[in-house]
Amino acid sequence: IKESGKAQYDEKGIPLTFIGVSFDITETKQLQQQKDDFIGIASHELKTPVTSIKAYAQVLERILLKKGDVMEAGLMKKMDLQLNRLTNLIGDLLDVTKVNSGKLQYNLTHFDFNEMVRSEVEELQRATEKHQIIENLEEVGLVYADRERISQVVTNLLTNAIKYSPNSEKIVVHTMIENDNVVLCVEDFGIGIAETNLNKVFEQFYRVSGSMQHTFPGLGLGLYISSEIIKREGGKIWVSSKEGEGSKFWFSIPIQRPIA
Ligand code: ADP
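Sequential numbering from 7 applies to the sequence shown in this note's numbering.
The structure is reproduced here in structure tokens:
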């Protein structure tokens, strides 16, 4: 039950009347729960066949290469890359149901932050021919956090930087220490974000609408999941951007932190 109301008082401050409204939101909550359950079950069911199709595609690519069918092997490689996109979308749907039900697992360890950044950059650089990801990394040392989840955020920011800069090649990833935090920034010189939309990009299912938006595929979940991960790590995530010039996505996490 959600309630809101207002009391009226006499000149001595004694309440005279109270007007209030109460809404029964049980049904809304149930619908929300059903929606989350459905997304969870559907994405789980989609994951298994996609994983095996991917394995078959990789085997076929190797067979075709061995036979010298380079063109066909190239097509298989393209199929594999598209399956990666599908796997990532399904992963986001699974994560969002976990985030919303508080079931996202965290596994805290000490790890070399820059080493993690370098390995994510290397992996994405391999998948993109057009963009060049430049590293501008200050020595930041070890952090105590969930390596997998933090690299998921880094990948998310880098993937967005690539996706939303179709006409520029350069992407820069910066790391630095500020106070007792490790700070990372992914800078692109792409389409940018209008000021009115800046604070909305971390919302669930939010996508900036515009004439070009349909050309960039996505569900509007990556930044929402990233911000939930960073919040759980005791950190902050933010963006600065100029439409038509590019964006800078930042996050900071404490180097040492008490276990949540
Ligand atoms: P998706 O990319 O799947 O739509 P995200 O949650 O990652 O979802 O991003 C939300 C929205 O924020 C995107 O739809 C896009 O409009 C905007 N956005 C995110 N990153 C960038 C970027 N680097 N440059 C411009 N716009 C961005």
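Note that the Cβ used here is the ideal one computed from N, Cα and C, for glycine as well.
Can you give me the C-alpha to C-alpha distance between residue i and residue j, rounded to a whole angstrom?
i	j	result
residue 211	residue 16	47 Å
residue 257	residue 149	14 Å
residue 259	residue 33	38 Å
residue 190	residue 20	55 Å
residue 156	residue 56	25 Å
residue 90	residue 37	31 Å
residue 25	residue 14	8 Å
residue 249	residue 107	35 Å
residue 110	residue 154	12 Å
residue 101	residue 116	23 Å
With 16 other CB atoms within 10 Å as the buried threshold, where does residue i fall?
i	result
residue 228	buried
residue 158	buried
residue 247	buried
residue 235	buried
residue 69	exposed
residue 126	buried
residue 82	buried
Can a CB atom of chain B be found closer than 9 Å to the CB of residue i?
i	result
residue 179	Of the chains in the structure shown, none is chain B; there is only one protein chain.
Please list the terminal residues of the continuous beta strand (DSSP E) segment that includes residue i.
i	result
residue 187	187–194
residue 253	252–260
residue 243	242–248
Using a Cβ-Cβ cutoff of less than 8 Å, which residues in the same chain neighbour residue i once the five nearest sequence positions on both sides are dropped?
i	result
residue 196	167, 170, 171, 172, 173, 174, 252 and 253
residue 93	53, 56, 57 and 60
How far does the alpha helix (DSSP H) with residue i in it reach, from first residue to last?
i	result
residue 98	76–106
residue 53	32–73
I'd like the list of long-range same chain contacts for residue i, defined as Cβ closer than 6 Å, with 5 residues on each side in sequence excluded.
i	result
residue 99	45 and 49
residue 177	137, 139, 167 and 194
residue 163	192 and 255
Among residues of its own chain, excluding the 5 on either side of residue i, which ones have a beta-carbon nearer than 7 Å to its beta-carbon?
i	result
residue 151	114, 239 and 259
Decide yes or no for the touch test of the stretch 229–244 against the stretch 199–210: beta carbon pairs closer than 8 Å, at least 3 of them. yes
Should the stretch 140–147 be called in touch with the stretch 118–125, which here means at least 3 C-beta pairs below 8 Å? yes
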